[in-house]
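Asks: First to last, the protein sequences are chains F and S.
Counting with the numbering used here, you get residues 1 to 417 for the letters of the first sequence.
Counting with the numbering used here, you get residues 1001 to 1417 for the letters of the second sequence.
Just so it is clear, CB atoms sit at the ideal spot from N, CA and C, and this is done for glycine as well.
Computed from a predicted structure; not experimentally measured.
Sending over a structure as structure tokens; questions will come in a sec.
2 protein chains.
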Amino acid sequence: VITRESCLERDRVDPLAGLREQFALPDGVIYLDGNSLGALPRSVDARLRDAVTEDWGRDLVLSWNTAGWIEMPQVVGDKIARLVGAGPGELMVTDSTSINLYKVLTAALRLQVGATRRTTVLSERDNFPTDLYIAASVARSHGMDLRLVDGDDVEQSLDESVAAVMLTQVNYRTGRLHDMDAITSAAHRVGALVVWDLAHSAGVVPVDLIAADADFAIGCGYKYLNGGPGAPAFVWVHPRHAAVASQPLSGWMGHDDPFAFMTEYRPAAGTARFQCGTPPILSLVALECGVDTVLAADPVGGMHALRAKSVALTTLLIELVDQLDDEFALTVATPRDPGRRGSQVSILHPSHGYEVKEALIARGVIGDFRQPDIIRFGLPPLYTRFVDVYDAVQHVRGVLELGEWRDERHRVRARVT
Amino acid sequence: VITRESCLERDRVDPLAGLREQFALPDGVIYLDGNSLGALPRSVDARLRDAVTEDWGRDLVLSWNTAGWIEMPQVVGDKIARLVGAGPGELMVTDSTSINLYKVLTAALRLQVGATRRTTVLSERDNFPTDLYIAASVARSHGMDLRLVDGDDVEQSLDESVAAVMLTQVNYRTGRLHDMDAITSAAHRVGALVVWDLAHSAGVVPVDLIAADADFAIGCGYKYLNGGPGAPAFVWVHPRHAAVASQPLSGWMGHDDPFAFMTEYRPAAGTARFQCGTPPILSLVALECGVDTVLAADPVGGMHALRAKSVALTTLLIELVDQLDDEFALTVATPRDPGRRGSQVSILHPSHGYEVKEALIARGVIGDFRQPDIIRFGLPPLYTRFVDVYDAVQHVRGVLELGEWRDERHRVRARVT
């Protein structure tokens, strides 16, 4: 049986335990929603104050050069590149995940122009909805169909009608992890290009885009990269495509010489052409602080050490839920094979998942809920302790034993999480 | 002859003079580049600290509801709407100017589907380049041509081949102000739709989108709205189009019920469908502070009082430049009719505009330079004093008399302004 003391002991010997000090976490809260919004890095407050008072306030427009603002999409992009197996200059921070998906999926379909038998964009039915909305829009505007299949059926659904495959590596509902290498290889065998959304993997699952031979990748900055609410997203393009790919959001920041103010668009070399408008500096400053909290794991083992702790945390949570009384009727929806899941555990409650999640928040345990019946717990290894997992499951037990989920007083309104 | 004392006297009696106190401006600097990056509102520092430490740090993901994050694109949008003659719910803050242009120009061309004789998007040759790059991309993807004409020739170039007209109200180089009412009417008479870019007008020129019967408008947050570097942009859609217009960047924030996580996209009612990804909260907080600095003029006359002061400032600058010695060979490139210019004065130097601009920065007078020969001075009436204009022109005289522009020691590198 797993005791609270054994969890405390695991925290005492955890070589990554000190990384938690990078974050300002409120007392009395167990925060298991880092898969929706990562915690606040302590460095953000001072860095933003400097950016506001010194750079914007004192140096004003000159800061585009003197404070390096104009370089930030590349500088922060190079830092994220180190976390996802990409090289310097290959990855840019810009716009939102949805917009970057629009760019790269359009670029992928344009690369397939001439392959007239390719009439399909293939994705997973349970992909994150915004990805599906964008994929449907891009497919339609190219006269193609968006074909949706179950997550387990992606590889067997590949054939030469597929122009591009668009998948999120870690499923937002279940936490199920796709095999990037296998799917990318299978897609390439039929001549399809592959776009990977790393929203729930960057910063928590080791990703090696070059080793997987992926074509395009996008991802968000506000989950496991701890970049703050609505942080800018990123876009990666394999070097074999970067110099030839074209995308329709051809704004001045993607121009080869934006300050020449030429009438004609001439795309920048490489991934820089996937930028569009003026970069959002204040949000970029916060995102850089967030990415730095992940890079701070390098001296203690980097992404692979984070992954090992993530697996240990999700395994512990599953084991503790398994030990709860059968009458609570909870089901683990996340794959039990640690190699097939991200840093998230999803629990099904048969009828009142939303109310249970609300009652947990009233106890200071912040997870979230996804339609129709999933309670999600994100377990970022940078700041989640083993004892947090233990205590969270005790609160789940308490909410269910005491029927607190039936009581509206225990609920706070928290629709968006 | 205009004396420094007369300018000081104008500042003493200026009913808008107190608005300058809203800004943290550095000592020893005359900042005439608010048309590129507005000055820092004093409120930003504390508001951002709250957003970071209280909302993000303490309340974490719950702040999407408890701090009203999810409503911010509409709340700040409604404030901007008041400055441009739009109603509540008609204008959203989202993405960048370039991306919003892509959305609305695509929406305009989709509204013209079926009008097969309409084969052209019409714009001005000297429009801001990113607008031209996006317009060319959108036109091409609809099988249309982008036709560029001189700014004075827009009205006479209108015919029934034109699907949409895309113009920036105030020219970024010369400060020339288009007649929005006349051009919109003329375009409608031939059945064309009109997209207005308000980048250099929102917050400084009275705009009345509904009175002008415009179709779509976009604009940026970081110039005269004082929203900070790379602040989010805005998009406005006339109510007659909002419920039927469709745009291709169909991300989840434009969905009618984003948190139902439906597989199918169903656009939100109204302009909300022009949102795409998760809104950038930290940047939105700063932008709201900036917009509030403009709304603070309401008790002393609002946009019309700001416009009157803006005209007085630009007129003063032109008069002072006219009084400089002919041997300096400076030319005013901005229209001398105040009704035909924005809040900017552009001066041509025959050979070394860039070096003169750099030498002025070395003296603490920050303007900027635009290829090939234009020195731009932006004069935001919220914080520019008459004596600033006087002193700036004396510095121009000094730089030219002493030949400081020939001396590299007087220059700082400030390519991006």
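Would you kindly report the start and end of the unbroken beta strand (DSSP E) that includes residue 1163 of chain S?
Replies: Mapped onto the second sequence, residue 1163 of chain S falls at position 163. 1162-1168 is the extent of the beta strand (DSSP E) around residue 1163 of chain S.
Asks: If you draw a straight line from the alpha carbon of residue 416 of chain F to that of residue 1014 of chain S, how long is it in whole angstroms?
Replies: Reading the first sequence from its first residue, position 416 is the one you call residue 416 of chain F. Reading the second sequence from its first residue, position 14 is the one you call residue 1014 of chain S. Any answer about residue 416 of chain F is weak, because its pLDDT of 38 lies below 50 and its placement is not dependable; what the coordinates show is given next. Each residue's alpha carbon lies about 47 Å from the other.
Asks: Are residue 1123 of chain S and residue 1146 of chain S touching if we call contact CB-CB under 8 Å?
Replies: As a working note, residue 1123 of chain S is residue 123 in the second sequence. As a working note, residue 1146 of chain S is residue 146 in the second sequence. The answer is yes: Cβ separation under 8 Å.
Asks: Here's the rule I'm using: 16 or more other beta-carbon atoms within 10 Å means buried, otherwise exposed. How should residue 1329 of chain S be labelled?
Replies: Indexing the second sequence from 1 puts residue 1329 of chain S at position 329. Exposed: under 16 other Cβ atoms inside 10 Å.
Asks: Mapping the DSSP letters down to three states, classify residue 1417 of chain S as helix, strand or coil.
Replies: The residue given as residue 1417 of chain S occupies position 417 in the second sequence. Any reading at residue 1417 of chain S must be qualified, since the residue scores a pLDDT of 38, below 50, and its modelled position is unreliable; the value itself is stated next. Coil.
Asks: Is DSSP giving residue 1401 of chain S helix, strand or coil here?
Replies: Along the second sequence, read from residue 1 onward, the residue named residue 1401 of chain S stands at position 401. Looking at residue 1401 of chain S - three-state DSSP - the assignment turns out to be helix.
Asks: Taking a cut of 8 Å between CB atoms, which residues from the stretch 1216-1236 of chain S lie near chain F?
Replies: Residues passing the 8 Å Cβ filter: 1220, 1222, 1228, 1229, 1230, 1231, 1232, 1233.
Asks: Examine the Cβ distances between the stretch 148-166 of chain F and the stretch 24-35 of chain F and report whether three or more of them are shorter than 8 Å.
Replies: Too few Cβ pairs lie closer than 8 Å, so no.
Asks: Please report the Cβ distance between residue 1234 of chain S and residue 1092 of chain S, rounded to the nearest whole angstrom; I am assuming they are in contact, meaning their Cβ atoms lie under 8 Å.
Replies: One-based indexing of the second sequence puts residue 1234 of chain S at position 234. One-based indexing of the second sequence puts residue 1092 of chain S at position 92. Confirmed, Cβ separation roughly 7 Å.
Asks: Any C-beta of chain S sitting closer than 8 Å to the C-beta of residue 375 of chain F?
Replies: Counting from one through the first sequence, the residue named residue 375 of chain F turns up at place 375. No - not a single Cβ of chain S is within 8 Å of the one on residue 375 of chain F.
Asks: Considering only the alpha carbon of each residue, which of S:1345, S:1341, S:1324, S:1326 lies closest to residue 974 of chain S?
Replies: Nothing about residue 974 of chain S can be read from this structure; chain S reaches only from 1001 to 1417.
Asks: Any Cβ of chain S within less than 8 Å of the Cβ of residue 413 of chain F?
Replies: Here residue 413 of chain F refers to the residue found at position 413 when the first sequence is read from its first residue. Confidence in residue 413 of chain F is poor, its pLDDT being 43 and thus under 50, which makes the residue's placement too unreliable to answer from.
Asks: So with CB distances below 8 Å, who are the chain S contacts of residue 262 of chain F?
Replies: In the first sequence, residue 262 of chain F corresponds to position 262, counting from 1. Residues of chain S passing the Cβ test: 1129.
Asks: Measuring CB atoms only, is the stretch 35-55 of chain F touching the stretch 254-268 of chain F, in the sense that at least three cross pairs come out at less than 8 Å?
Replies: No, because fewer than three Cβ pairs between the stretch 35-55 of chain F and the stretch 254-268 of chain F fall closer than 8 Å, the two stretches do not touch.
Asks: By how many angstroms is the C-alpha of residue 188 of chain F removed from the C-alpha of residue 414 of chain F?
Replies: Locating residue 414 of chain F in the first sequence gives position 414, where the first residue counts as 1. Locating residue 188 of chain F in the first sequence gives position 188, where the first residue counts as 1. Low local confidence applies: a pLDDT of 40 at residue 414 of chain F is under 50, so the model's placement there is unreliable, with the coordinate-based value given in what follows. Distance between the alpha carbons of residue 414 of chain F and residue 188 of chain F is about 43 Å.
Asks: Could you tell me if residue 1399 of chain S is buried or exposed, where buried requires 16 or more neighbouring beta carbons within 10 angstroms of its beta carbon?
Replies: Sequence index remark: in the second sequence, residue 1399 of chain S carries index 399 (1-based). Residue 1399 of chain S is buried by the Cβ-count criterion.
Asks: Indicate the three-state DSSP secondary structure (helix, strand or coil) for residue 1176 of chain S in the structure shown.
Replies: Taking the second sequence and counting its residues from 1, one reaches residue 1176 of chain S at position 176. Of the three classes helix, strand and coil, the one that applies to residue 1176 of chain S here is strand, per DSSP.
Asks: Rank F:126, F:307, F:134, F:383 by C-alpha distance to the C-alpha of residue 1255 of chain S and give the top, closest one.
Replies: Walking along the second sequence from the start, residue 1255 of chain S turns up at place 255. Nearest C-alpha to residue 1255 of chain S: F:134.
Asks: By alpha-carbon positions, which one of F:175, F:198, F:390, F:89 ends up nearest to residue 337 of chain F?
Replies: Taking the first sequence and counting its residues from 1, the one referred to as residue 337 of chain F is at position 337. Checking every option, the nearest Cα to that of residue 337 of chain F belongs to F:175.
Asks: Output, in sequence order along the chain, the residues in the stretch 1369-1394 of chain S whose CB is closer than 7 Å to any CB in chain F.
Replies: Those residues of the stretch 1369-1394 of chain S that come within reach of chain F (Cβ to Cβ, closer than 7 Å) are 1370, 1371.
Asks: Starting from residue 1109 of chain S, follow the alpha helix (DSSP H) in both directions and report where the run begins and ends.
Replies: Taking the second sequence and counting its residues from 1, one reaches residue 1109 of chain S at position 109. Its alpha helix (DSSP H) spans residues 1097-1111.
Asks: Is there a Cβ from chain S that is less than 8 Å from the Cβ of residue 56 of chain F?
Replies: In the first sequence, counting from the first residue as 1, residue 56 of chain F sits at position 56. Chain S, which has a Cβ nearer than 8 Å to the Cβ of residue 56 of chain F, makes this yes.
Asks: Taking one C-beta from the stretch 1032-1047 of chain S and one from the stretch 1283-1292 of chain S each time, how about it: are there three or more such pairs within less than 8 Å?
Replies: With the cut-off at 8 Å, the stretch 1032-1047 of chain S and the stretch 1283-1292 of chain S touch.
Asks: Opposite residue 145 of chain F in the DSSP bridges: which residues?
Replies: On the first sequence, position 145 is the one that residue 145 of chain F refers to. DSSP output for residue 145 of chain F lists F:120 as bridge partner(s).
Asks: Please specify which runs of the alpha helix (DSSP H), each continuous and at least 4 residues long, are wholly inside the stretch 259-325 of chain F, giving them in chain order.
Replies: Qualifying alpha helix (DSSP H) stretches, in chain order: 281-295, 302-322.
Asks: How many angstroms separate the CA atom of residue 458 of chain F from the CA atom of residue 268 of chain F?
Replies: No answer is possible for residue 458 of chain F: the residues shown for chain F start at 1 and end at 417.
Asks: Do residue 204 of chain F and residue 306 of chain F have their beta-carbon atoms positioned less than 8 Å apart in this structure?
Replies: In the first sequence, counting from the first residue as 1, residue 306 of chain F sits at position 306. In the first sequence, counting from the first residue as 1, residue 204 of chain F sits at position 204. Yes, the pair counts as a contact, with Cβ atoms nearer than the cut-off.
Asks: How is residue 1346 of chain S classed by DSSP in three states: helix, strand or coil?
Replies: The residue you call residue 1346 of chain S lines up with position 346 of the second sequence. If DSSP states are grouped into helix, strand and coil, residue 1346 of chain S belongs with the strands.
Asks: Of all the CB atoms in chain S, is at least one closer than 8 Å to the CB of residue 289 of chain F?
Replies: The count along the first sequence starts at 1 and reaches residue 289 of chain F at position 289. Cβ-Cβ to chain S under 8 Å: no for residue 289 of chain F.
Asks: Short of 8 Å Cβ to Cβ, which residues in the stretch 180-212 of chain F face chain S?
Replies: Residues passing the 8 Å Cβ filter: none.
Asks: Between residue 1277 of chain S and residue 1228 of chain S, how many whole angstroms is the CB-CB distance? I'm expecting something under 8 Å.
Replies: Along the second sequence, one-based indexing puts residue 1277 of chain S at 277. Along the second sequence, one-based indexing puts residue 1228 of chain S at 228. About 19 Å separates the two Cβ atoms, so there is no contact after all.
Asks: Taking DSSP's pairing of strands, which residues face residue 92 of chain F in a bridge?
Replies: Counting from 1 along the first sequence, the entry for residue 92 of chain F is found at position 92. F:235, per the DSSP bridge assignment.
Asks: Kindly list the residues whose CB is nearer than 7 Å to the CB of residue 1304 of chain S, restricted to its own chain and excluding five residues on each side of it in sequence; keep chain order.
Replies: Taking the second sequence and counting its residues from 1, the one referred to as residue 1304 of chain S is at position 304. Answer for residue 1304 of chain S: 1206, listed in chain order.
Asks: Chain S beta carbons: is any one of them nearer than 8 Å to that of residue 114 of chain F?
Replies: If you number the first sequence from 1, residue 114 of chain F lands on position 114. Answer no: the Cβ-Cβ gap between residue 114 of chain F and chain S never drops below 8 Å.
Asks: Do you know offhand how far residue 378 of chain F's Cα is from residue 1368 of chain S's?
Replies: Numbered from its first residue, the first sequence carries residue 378 of chain F at position 378. Numbered from its first residue, the second sequence carries residue 1368 of chain S at position 368. Whole-angstrom Cα-Cα distance: 48 Å.
Asks: Expressed to the nearest angstrom, what Euclidean distance is found between the alpha-carbon atoms of residue 1298 of chain S and residue 1395 of chain S?
Replies: Indexing the second sequence from 1 puts residue 1298 of chain S at position 298. Indexing the second sequence from 1 puts residue 1395 of chain S at position 395. Going by the C-alpha atoms only, they are around 34 Å apart.
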